[in-house]
Every structure is written in C-alpha cells, then in structure tokens.
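Peer 1: Numbering (this note's numbering), first residue to last: 73 to 520.
Handing you a structure now.
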Amino acid sequence: MNTKDMKPIVAIVGRANVGKSTLFNRIVGSHVAIVEDMPGTTRDRIIADAEWQGRKLTFVDTGGLEMKADTAMMRKVTEQAVRAIAEADVIVFVVDIRDGVIVSDSEIAAQLHATGKPVILAANKADTSKPEQGVAEFFKLGLGEPTPVSGIHGRNVDLLLDRIVQHIPESTEPSAVADNIKLAIVGRPNAGKSTLLNAITGKDRAIVDSTPGTTRDAIDSAVTWEGHEIVLIDTAGIRRRGKTGTGIDYYSLIRAMHAINRCDIALLVVDATELLTAQDTHIAGYIKDASKGMMLIVNKWDLVPEQPKERFDSYIAERLKFASFSPVLYVSAKNKQGVDKILPIAFKVWDERQKKMPDAVVNKLIKDAVLKQAPTRVGTKRLVVIRAYQAGVNPPKFLFLVNDPELVHFSYERYLENKLRQTFGFIGTSLRLVFIKAPARKRRRLKQ
73 MNTKDMKPIV AIVGRANVGK STLFNRIVGS HVAIVEDMPG TTRDRIIADA
123 EWQGRKLTFV DTGGLEMKAD TAMMRKVTEQ AVRAIAEADV IVFVVDIRDG
173 VIVSDSEIAA QLHATGKPVI LAANKADTSK PEQGVAEFFK LGLGEPTPVS
223 GIHGRNVDLL LDRIVQHIPE STEPSAVADN IKLAIVGRPN AGKSTLLNAI
273 TGKDRAIVDS TPGTTRDAID SAVTWEGHEI VLIDTAGIRR RGKTGTGIDY
323 YSLIRAMHAI NRCDIALLVV DATELLTAQD THIAGYIKDA SKGMMLIVNK
373 WDLVPEQPKE RFDSYIAERL KFASFSPVLY VSAKNKQGVD KILPIAFKVW
423 DERQKKMPDA VVNKLIKDAV LKQAPTRVGT KRLVVIRAYQ AGVNPPKFLF
473 LVNDPELVHF SYERYLENKL RQTFGFIGTS LRLVFIKAPA RKRRRLKQ
C-alpha cells in the first residue's frame with residue numbers, strides 16, 4: 073500500500089475528560105463527536121477530514137487512554153486508541169492544563185515516546201487570558217514544548233495546526249495523473265464486495281464468507297483490461313457510526329476511508345435486497361466530498377423478484393440526487409451476471425476524469441449561464457463571475473475568479489456545475505469548483 077497516496081492521519085489521544093472531542097470538533101469545524109462533561113463519553117474513534125495551509129488531513133478522535141484499564145469497556149476503548157496511534161502519522165497528546173501532570177499523563181507520554189512518531193503536546197483548557205500559565209510543568213513529559221490551547225474558545229488552535237503540518241511530508245498528496253486506474257470496492261458489510269472482486273479478477277483473491285466484515289484490510293489486486301492495468305482495492309465494510317463496535321471494525325473503517333482517498337473511481341456496492349440504506353448514501357456522500365469518480369453497483373440482483381428496473385432507477389435517482397452523475401449497474405457477482413460491464417464503464421469514467429476543456433470555451437459557457445440566470449443579491453451585493461476556466465483533471469477542477477467568494481450560494485454553485493455537465497458530460501465523476509477572489513486590478517477593469 074503506497075502511503076503517499078493517502079491523507080496523513082492525525083490521532084488525538086489522551087486520558088479521559090481532557091477535552092479531546094471538543095478540540096477535535098473545533099479543528100474539523102463541526103460537532104461530529106459527542107461532547108459531554110463526563111469521563112468516557114467518546115467510546116469509539118470518530119474520523120473527519122480537515123484542511124490547513126492547503127494540506128488535507130484526516131483527524132481521528134479517540135476515547136480515553138487508560139494504561140491500567142480495569143473494566144472490559146475501558147480495555148476496549150484503550151484498544152481503539154492504541155490502534156489509532158498505530159495508524160497515525162502524527163499524534164496530538166491532549167492534557168488538562170488545570171490538572172497539571174498526573175501519573176496517567178506520564179504513563180501515556182512514555183508509550184507515545186516509544187512509538188518514534190511525531191507527538192505534539194496540547195495543553196487544553198487554557199481558557200484564561202494568560203494561557204501560558206501552568207504550561208512549564210508539562211516539559212517534564214519529555215515531548216517538547218507544550219502548546220496551550222482552548223478547544224472551547226479556539227485559542228491557539230491555529231498554532232497547533234501549524235505544528236501538525238510541520239511534521240507532514242510534502243509528498244503525501246496524491247498526484248493528479250496516475251500510472252494506472254485505481255478502483256476501490258466499497259460499501260456496507262456483506263454487500264458482496266469480495267465476491268465482486270473475485271468475479272472481476274477471475275481468481276479467489278479475497279476470502280468470501282457470509283459473515284459480515286470478513287475482509288479486515290484493504291486488499292490490492294491488479295487486472296488488465298484491453299492493455300490497461302487496473303488496480304482493484306477491496307475493503308472492509310463501512311459500518312454505521314454507533315454500530316462500529318470496537319477494535320478491528322474501526323481499524324477497517326480507516327482502511328476503507330484510505331481506499332476511497334487512494335482511488336480514482338469508487339465502486340459503491342449496495343445490496344439489491346436492502347436497496348440504498350442511509351449508510352449507503354453516507355458512503356456516497358463521502359466519495360463525492362473526496363471528489364472521486366463513482367459507480368453504483370447494485371449487487372445480488374438475482375435475489376430480487378422480477379420487476380421493472382425503471383422503478384429501481386427512479387428510487388435511486390431520488391435518494392442520490394447529489395450524485396446523479398453516477399452510472400448504475402445491476403449485477404450478480406455470485407452468478408457473474410453483468411460483471412463484464414463494470415470495467416468498460418469504469419474506463420469511460422476514467423476518460424471523463426481526464427477531459428480538459430479549452431479555457432475560452434469554459435469561460436463563454438459560464439458567462440452565458442450567468443447572463444441567463446443571474447445570482448441573487450446578498451444584501452446590497454451580488455456575485456460577479458469575472459473569469460472561469462478548467463484548472464486541472466482527475467478530478468476535473470474549475471476555477472472561478474469572482475468579486476467575493478462569500479457571495480457564492482450552494483444552490484448557484486450547483487447551477488453552474490449542472491451547466492458544465494450538460495455541455496461537457498463528465499459522466500461518473502465529481503467536479504471540483506473553486507471560487508477565489510479576483511486580483512484588484514481585474515476588478516477595477518470590470519468597473520470601467
């Protein structure tokens with residue numbers, strides 16, 4: 073597995089009730105983790121992506137580390153945190169500045185030091201006007217200079233992120249152009265992902281069992297189609313948050329997220345007998361947010377009583393409005409029905425991700441779209457699109473120079489994306505639209 077194709081993982085660890093989840097929520101910008109003033113609230117790790125200084129990072133929140141856990145639950149939560157440490161590129165060790173150094177902190181510090189990984193010490197709950205007070209004591213942990221932070225108020229979180237980024241190698245971002253196509257086979261447990269992998273490759277590469285969650289790690293397999301090498305990444309099933317369990321399940325979740333981040337196109341496998349659950353749509357949303365190509369593979373079609381596919385098409389279109397660009401295939405991996413269509417369509421999606429439109433053509437299309445439907449006003453201001461052009465491929469990236477990016481409403485962004493798709497296609501792939509403020513010189517020229 074090439075770690076250069078992955079987003080770096082930052083694990084937030086520490087003993088119970090030091091404010092790890094509050095700091096995690098502050099960093100990722102949303103209330104993802106449960107926050108309650110009671111030790112042990114975070115039972116499982118929570119994962120979310122964030123971006124700082126142009127670097128995309130995956131943050132993992134963990135439950136409290138207890139080196140001498142005396143209950144089954146505490147041992148399981150500690151096991152989760154230990155797995156997060158094993159997977160992490162950088163570790164943020166959170167301590168409570170108000171408590172000072174206690175025995176548990178020293179025990180955790182010794183274990184983190186032994187990993188040889190970069191560890192950043194965050195002295196949380198520095199909520200006073202003089203956050204430096206009380207920091208000096210934590211130098212004795214031997215992990216370098218502590219960073220006084222306040223997860224509640226956001227104090228010094230930017231400094232903490234700066235220090236995290238300093239420990240991330242520059243080469244961790246995936247390149248826009250790959251030597252071969254990478255397809256990730258993702259979906260809920262027991263949807264038939266491993267059976268699908270075996271049907272595509274023609275070999276029993278993955279263990280197939282009727283027990284959900286048999287595949288623990290991401291497994292790479294290579295297959296050649298019409299002279300092109302394609303890498304297939306099989307993954308463990310992604311469970312619904314709250315039902316992830318402990319230990320190995322969350323370890324598999326990180327691997328599955330990695331597979332999506334590594335791939336060019338994700339094959340989202342759903343069970344035809346349980347068509348499009350809330351978790352299926354959640355996975356689809358993650359694929360789209362990661363700007364990947366996507367194909368919906370409706371597996372176990374042989375188990376569905378005969379009825380018009382149009383009824384399923386309509387249902388899928390309604391549930392996946394945000395990913396309506398995705399091709400839908402109805403297959404039976406077990407019987408190899410329809411499986412032969414997957415790679416040809418995946419290659420078409422790959423081609424769509426490589427398309428590069430001429431700047432003048434893109435700019436004219438967007439200007440015409442704006443003339444046809446002008447943006448609504450926000451107070452006394454209105455969005456002005458000064459120039460638009462395609463800035464990259466895999467995924468197709470479009471750059472919009474505007475008077476004020478804050479005036480871009482999500483509905484108008486969707487309108488512009490639909491115009492790009494109606495004209496240029498881009499079947500099966502997410503598009504990335506980026507709005508930046510035009511230089512002052514260009515804005516002055518516009519007013520003249």
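Even for Gly, the Cβ is constructed at its ideal location relative to N, Cα and C.
It should be emphasised that the depicted structure is a prediction, and the values quoted were computed from it without experimental measurement.
Please list, in chain order, all residues of the same chain as E485 whose beta carbon is under 7 Å from its beta carbon, the five residues on each side excluded.
Peer 2: L505
Peer 1: Going by CA-CA distance only, name the one from N262, I305 and K408 that's closest to D343.
Peer 2: N262
Peer 1: Mapping DSSP to helix, strand and coil, what is H300?
Peer 2: strand
Peer 1: Are the C-beta of L375 and some C-beta of chain C separated by less than 8 Å?
Peer 2: Of the protein chains in this structure there is only one, and it is not chain C.
Peer 1: Using only alpha-carbon positions, find the residue among K420, V474 and N435 that is nearest to G497.
Peer 2: K420
Peer 1: Figure out for me which residue from L479, A418, L415 and L340 has the closest Cα to the Cα of I359.
Peer 2: L340
Peer 1: On the three-pair Cβ rule with 8 Å, is the segment 370–381 touching the segment 462–471?
Peer 2: no
Peer 1: Please determine, among N252, I272 and I417, the residue with the shortest C-alpha to C-alpha distance to G299.
Peer 2: N252
Peer 1: Which term fits A194, buried or exposed, when burial requires 16 or more other beta carbons within 10 angstroms of its beta carbon?
Peer 2: It is buried - the Cβ of A194 has at least 16 other Cβ atoms within 10 Å.
Peer 1: Just to confirm my understanding: we take E209, look at its own chain, exclude 5 residues before and 5 after, and list those with CB closer than 6 Å. What are they?
Peer 2: G172 and V173
Peer 1: Figure out for me which residue from D412, K393 and A395 has the closest Cα to the Cα of Y402.
Peer 2: For the set D412, K393 and A395, the Cα lying nearest the Cα of Y402 is the one of D412.
Peer 1: Is it the case that the Cβ atoms of K491 and A271 are separated by a distance below 8 Å?
Peer 2: no
Peer 1: Going by Cα to Cα distance, which pick from Q125, H225 and N97 is closest to I240?
Peer 2: Q125
Peer 1: Looking at T94 and G223, is the spacing between their C-beta atoms short of 8 Å?
Peer 2: yes
Peer 1: Give a yes or no on whether the C-beta atoms belonging to S363 and S502 are separated by under 8 Å.
Peer 2: yes
Peer 1: Terminal residues of the continuous alpha helix (DSSP H) containing T130?
Peer 2: Careful: T130 lies outside any alpha helix (DSSP H), inside the beta strand (DSSP E) at R127 to D133.
Peer 1: Name, in chain order, the residues that DSSP records as bridge partners for M429.
Peer 2: Beta-bridge pairing links M429 to no other residue.
Peer 1: Alpha helix (DSSP H) containing K360: first to last residue?
Peer 2: First-last of the alpha helix (DSSP H) with K360: A350 to D361.
Peer 1: Please classify H330: is it buried, with 16 or more other beta-carbons within 10 angstroms of its beta-carbon, or exposed?
Peer 2: buried
Peer 1: Quick check on T287: does DSSP put it in helix, strand or coil?
Peer 2: Any answer about T287 is weak, because its pLDDT of 44 lies below 50 and its placement is not dependable; what the coordinates show is given next. Here T287 sits in coil by DSSP.
Peer 1: Answer yes or no: do I305 and A256 have a C-beta to C-beta separation smaller than 8 Å?
Peer 2: In this structure, A256 lies closer than 8 Å to I305 by Cβ.
Peer 1: Hey, would you say V162 sits closer than 8 Å to P190, going by beta carbons?
Peer 2: yes
Peer 1: Count the other C-beta atoms from every protein chain shown that fall within 10 angstroms of the C-beta of K212, then say buried if there are 16 or more, exposed otherwise.
Peer 2: exposed
Peer 1: How is G319 classed by DSSP in three states: helix, strand or coil?
Peer 2: Residue confidence is low: G319 scores 41 on pLDDT, short of 50, so the model does not pin down where it sits. No coordinate-derived value is stated.
Peer 1: CA-CA distance, K265 and V258?
Peer 2: 7 Å
Peer 1: Near I180, which residues of its chain fall below 6 Å by C-beta distance, leaving aside the five closest residues on each side in sequence?
Peer 2: L137
Peer 1: Going by DSSP, name the residue or residues bridged to T219.
Peer 2: A194
Peer 1: Mark P80 as exposed unless 16 or more other C-beta atoms lie within 10 angstroms of its C-beta, in which case mark it buried.
Peer 2: buried
Peer 1: Under the rule that 16 or more other beta-carbon atoms within 10 Å means buried, what is T114, buried or exposed?
Peer 2: The predicted model places T114 with a pLDDT of 43, which falls under 50 and marks its position as unreliable; any figure quoted below should be read in that light. Buried, since its Cβ has 16 or more Cβ neighbours within 10 Å.
Peer 1: Compute the Euclidean distance between the alpha carbons of A158 and V85, then round it to the nearest angstrom.
Peer 2: 12 Å
Peer 1: Pick helix, strand or coil for D171, following the three-state DSSP scheme.
Peer 2: coil
Peer 1: What residue range does the alpha helix (DSSP H) around K406 cover?
Peer 2: It is not in any alpha helix (DSSP H) - K406 carries neither H nor E in the DSSP assignment.
Peer 1: Using C-beta distances below 8 Å, list every residue in its chain close to F394, excluding the 5 sequence neighbours before and after it, in chain order.
Peer 2: A356, G357 and K360
Peer 1: On the DSSP letters alone, give me the boundaries of the alpha helix (DSSP H) that E478 sits inside.
Peer 2: Annotation: E478 is outside any alpha helix (DSSP H) and is labelled neither H nor E by DSSP.
Peer 1: If we count the other Cβ atoms within 10 Å of its Cβ and call it buried at 16 or more, is Q15 buried or exposed?
Peer 2: Residue 15 cannot be examined here, being either before or after the span of the chain that is shown, 73 to 520.
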